[in-house]
Amino acid sequence: MSEQRCLYCQGELEPQRVTRAQEVEGRWIVIENLPALVCRQCGERFYTPDAHDLVVALVQGLVKPTRTEVVEVYDATRVA
Ligand SMILES: [Zn+2]
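As structure tokens, this is what we get:
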């Protein structure tokens, strides 16, 4: 684990649990506590193949959601 470096800034990567939001066929899902490697310098996240497989399984609806929330959506082109 210690040999892996950030692809962008060569910073040190630290294993963390992160929250990831992802669009799936027009709807958004949120995955909490997903394992990732997070760069200590720039904050970029890298997902392991295992984490990627887990996301794919969740996206395919193989697992029941923990809870459902209403999400507020903003369009930046309509603000100005
Ligand atoms: Zn970095």
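Just so you know, the sequence shown maps onto residues 1 to 80 in our numbering. No residue lacks a Cβ here, since even glycine has one placed at the ideal position from N, Cα and C.
TODO: Verify the CB distance criterion: does glutamate 44 have a CB-CB separation below 9 Å to chain C?
DONE: The structure shown contains no chain C; it is built from a single protein chain.
Open item on the list: Whole angstroms are fine: how far does the CA of valine 71 sit from the CA of cysteine 9?
Closed with: 33 Å
Open item on the list: Can you determine whether any heavy atom of ligand 1 sits closer than 8 Å to the C-beta of tyrosine 74, and answer yes or no?
Closed with: no
Task: Spatial neighbours of arginine 20 in its chain, beta-carbon cut-off 6 Å, leaving aside the 5 residues before and after - done: Ile31, Leu34
Open item on the list: In whole angstroms, give me the CA-to-CA distance for tyrosine 47 and glutamate 69.
Closed with: 25 Å
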